[in-house]
Each structure stands twice: as structure tokens, then as C-alpha cells.
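Residues 456 to 830 (the numbering used here) make up the sequence shown, in order. Positions of the beta carbon are idealized from the N, C-alpha and C atoms, including for glycine. To keep things clear, I will list the structure first and then write my remarks on it.
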Amino acid sequence: MQATQLTLFTPTTVGPYDLQHRVVLAPLTRMRADLNNVPTDLMVEYYAQRATQGGLLIAEATAVSPLGIAYADGPGIFNEAQAAGWRRVTDAVHAKGARIFLQLWHAGRQAHPANIGGETPIAPSAIRALEHAAIRDALGNIVEAEQVMPRALAIDEIPAVVEEFRRGAELAKAAGFDGVELHAANGYLLDQFLLDGSNRRTDAYGGPVENRARLLFEVLDAVRSVWGDGRVAVRLSPSGTYGTMSDRDPHGTFGYVATRLNSYALAYLHLVEPRVRGNEDTVAQDTDVSARHLRPLYHGTIIAAGGFTGDSAELMLRNGTADLIAFGRTFIANPDLPERLRIGAPLNSYDRATFYGGDARGYTDYAFLGDMIPA
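Shown next as C-alpha cells:
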């Protein structure tokens with residue numbers, strides 16, 4: 456197939472922004488911020504490497520609260536120093552002609568006391584996630600640690616969480632981002648409220664889906680008060696089980712959310728396909744909820760993510776299930792991924808051992824196409 460025929464390389468729009476292609480950098484936790492959760496020089500280089508004229512990047516999960524950090528050396532957006540660090544990233548990306556959104560995130564029960572000043576993580580209900588956090592041990596090494604029992608948020612604490620997201624949105628605007636994405640996926644706080652397996656509340660934030668979705672829409676309203684139409688997005692993982700997540704009626708839950716989102720003039724709805732659980736591949740089940748199920752319900756722009764190849768991405772776009780495709784692990788290993796896909800060039804393999812934490816190795820040292828051409 457000739458590159459000129461690829462839907463991946465036709466123009467499109469996201470909110471008010473004109474894009475020249477539909478290859479998106481997915482938000483990827485890489486744990487390269489400093490000990491104060493401020494973006495580093497290495498992060499500036501990483502994002503700039505993956506920026507292309509008319510392309511879209513979604514920056515990694517970034518905590519809106521000191522209590523919302525799941526992983527050591529994850530970035531934050533809850534103070535001005537962090538915003539200043541992110542400004543260096545956005546300036547570098549804009550210099551390459553690309554757009555960049557920031558993913559606003561609160562880990563909820565997936566946070567760990569070692570990463571949040573010894574505090575107990577918060578959650579909709581006191582139900583422990585059977586996963587592992589990444590923390591620093593006494594020697595300063597990043598190690599895995601079992602999640603702890605969280606405490607259920609009191610109802611009068613919830614407005615403060617909404618305000619943290621609003622303030623994070625405000626700081627993201629000051630940092631020069633083009634928009635923000637609410638992380639309501641992958642078993643983090645907004646997802647924990649949404650799914651009934653993690654939400655056993657009996658107040659206005661629990662029970663029927665209208666109540667379980669209340670926090671998501673309160674946060675969305677707060678963030679939109681900062682950014683307005685076309686510059687706020689939402690990420691969902693309708694069949695995600697990472698973080699010990701479950702729901703008795705995922706089609707009903709996510710059908711409700713997708714339908715209601717039509718009235719919010721989003722930049723896009725970002726959907727994680729059921730082929731991926733966290734950073735692992737899995738086998739989709741017949742009962743899973745995918746973009747194919749939600750496309751008839753949501754009428755705006757959809758970005759799909761989850762183990763795509765160039766061919767499967769093209770098929771997804773051509774059948775109308777999604778409008779753009781987010782690439783994760785493939786984009787990690789191929790900073791010039793759009794060009795490689797456009798010309799059908801071979802792809803570098805990724806090194807899973809260097810995904811989380813560390814230095815330039817496996818982060819900014821992957822070869823570009825030009826590096827592979829003999830002199």
C-alpha cells in the first residue's frame with residue numbers, strides 16, 4: 456500500500472487544532488521526573504524527539520495531588536515548579552510544530568505511602584488493589600511494593616479532589632499545554648469511582664451508574680471551566696482489569712458515560728482497546744467493551760489505543776471506528792514512528808526492562824532512521 460493512500464496520513468482536527476496526520480503518542484508512564492516530581496532535561500529531549508509537524512502528543516499520567524502519585528519519579532502538576540518544568544517540554548514540542556495535551560491523573564488507591572509522604576491512599580471504598588506500586592527503597596533503588604489498604608474518602612473531602620483537578624488544569628495551561636486529558640482509565644481514582652467492583656459507597660457517589668460517574672463529571676465541569684470547549688479530553692478503559700478493576704455491567708456503565716459525554720464538546724474521547732491490560736497484551740473476550748461498541752454512542756472524535764500495528768491502525772481508521780490512533784510501546788522504541796509508518800520502514804524493538812525509571816538508556820537513545828543509513 457502506498458503511503459499516499461494511508462488514512463493515517465490524512466489531515467484531521469482535534470478541537471481547534473489542525474493536524475497533519477493521525478499517529479498520536481500515547482500517554483506513557485516512564486518515571487524520569489526528579490525527586491520533586493518536576494520534569495527533567497531528559498523528559499524535554501524525549502518529548503521533543505517524538506514531536507512532528509502537525510502531530511499530537513499526549514504527555515504521561517501527571518499527578519494533580521501529592522496524594523495521587525503511584526510511581527516513584529512520576530511527574531506532578533500541583534505546584535508552580537512542576538508547571539515551569541513542563542513549560543520547557545511544551546516549548547520544545549511546539550518548536551517542532553506539534554501539539555501536546557497533558558494527562559491529569561490521581562492514582563487513588565494505587566498510590567503508595569512511600570510516594571505520598573507516608574499518607575494512606577484514598578479511594579471511593581476501603582478495598583485494596585492487588586497490584587504493585589513502584590517505590591524507592593532505603594538505598595534509593597526503585598523496587599516493587601504491594602499496594603496497601605486505602606481509606607474511603609469522606610463525602611465532604613470530595614470537593615477538594617475536584618479542586619485539585621481544576622488547579623492542575625490551571626497549571627497545565629500556564630505550562631503551555633494545548634489541552635488536557637482526564638485519566639479516567641486503568642484503575643486510577645476516577646475509574647475507581649466509576650466501576651462498581653471498586654466503589655461500594657451508598658451515598659451520592661455510589662450505587663447506580665449516575666452516582667458512580669458523578670465525580671468524573673464534576674471534575675470534567677471543573678476542568679472545562681479553565682479550558683473551555685475543544686481542549687479537554689477523557690480517557691477510558693472500558694474493559695480494563697488492571698488495578699483489580701471490575702464492573703458487573705461494563706456495557707451499561709461505559710455506554711452511559713460515552714452517551715453523556717456528547718454534551719461536553721470534548722477535544723476527543725480516548726479509548727483503550729481490550730487487547731491491553733496495563734502494559735501487557737491480553738486476549739480480548741466476546742463480552743469486552745471496545746471502541747466498536749461505543750462508536751455508535753459517542754459522536755465526537757475518538758482516539759483508540761492498544762497494541763496497534765500500522766496495518767491494524769489503518770483498518771481501524773478506514774472502518775470508521777476511530778479517528779486517530781495512539782501508539783505506545785512502538786513509539787517508545789521509534790521516536791520517528793510517523794515517518795517509519797508512512798514509508799513502511801522497519802521498526803526498532805522496544806526494551807521492556809527500561810520502560811520504568813533510569814536514565815537515557817531505553818528512553819532517548821533509540822535510533823532514528825537517519826542513524827541507520829551507512830555513511
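Three-state secondary structure assigned by DSSP to residue i
i	result
VAL598	strand
GLU636	strand
ASN734	Here ASN734 scores only 49 on pLDDT, less than 50, and its place in the model is too uncertain to base an answer on.
ARG780	First, the residue type needs correcting, since residue 780 is Ile and not Arg in the sequence shown. ILE780 falls in the strand class under three-state DSSP.
LEU772	helix
GLU500	helix
LEU688	Sequence inspection shows Ala at residue 688; the Leu mentioned does not correspond to that position. Of the three classes helix, strand and coil, the one that applies to ALA688 here is strand, per DSSP.
GLN508	coil
VAL479	strand
MET456	Low confidence applies here, because MET456 scores a pLDDT of 45, under 50, leaving its location unreliable and the question unanswered by this model.
GLU535	helix
ASP473	strand
THR495	coil
ALA830	Model confidence at ALA830 stands at a pLDDT of 47, short of 50, so the residue's coordinates are unreliable; what they give is reported in the following sentence. Residue state, collapsed to three classes: coil.
GLU515	strand
ILE758	strand
THR468	strand
ARG656	coil
VAL603	coil
VAL744	coil
Under 8 Å between C-beta atoms of residue i and residue j
i	j	result
GLU515	THR484	yes
ILE532	ALA566	no
SER804	SER745	no
LEU490	TYR818	no
PRO576	GLY595	no
THR885	TRP560	Here the chain has residues from 456 to 830 only, and residue 885 is not among them.
GLU586	THR699	yes
VAL635	ALA624	yes
ASP815	ALA781	Note that residue 815 is Ala in the sequence shown here, rather than Asp. Not closer than 8 Å, so no.
PHE464	ILE513	no
VAL678	PHE620	yes
ALA488	PRO530	yes
TYR719	ILE758	no
LEU721	VAL689	yes
ILE582	SER520	no
GLY409	GLY470	Since the first residue of the chain shown is 456 and the last is 830, residue 409 is not available in this structure.
GLN558	PRO482	yes
PRO790	PHE763	no
ALA569	ILE590	yes
ARG554	LEU779	no
Classification of residue i by the beta-carbon crowding that lies within 10 angstroms, buried from 16 upward
i	result
ILE798	exposed
PRO663	exposed
ARG750	buried
GLN647	buried
LEU461	buried
MET604	exposed
LEU626	buried
ALA800	exposed
ALA659	exposed
GLU612	exposed
HIS725	buried
Chain B within 8 Å of residue i, Cβ atoms only
i	result
SER745	In summary, chain B is missing from the structure at hand, where a single protein chain is found.
Three or more C-beta pairs below 8 Å linking the segment 497-516 and the segment 772-791: Short answer: they touch.
Are the segment 542-558 and the segment 660-677 touching by the rule of at least three beta carbon pairs closer than 8 Å? Too few Cβ pairs lie closer than 8 Å, so no.
Contact the segment 670-688 vs the segment 633-643: 3+ CB pairs below 8 Å: Yes: at least three Cβ pairs fall under 8 Å.
Start-end ranges of the alpha helix (DSSP H) lying completely within the segment 700-725, minimum 4 residues: The DSSP assignment places 705-716 as complete runs of the alpha helix (DSSP H) inside the segment 700-725, in order along the chain (cut-off: 4 residues).
If you scan the segment 543-591 from start to end, which runs of the beta strand (DSSP E) of 3 or more residues do you find wholly inside it? Counting only runs of 3+ residues, the beta strand (DSSP E) found wholly inside the segment 543-591 occupies 554-560 and 587-591, in chain order.
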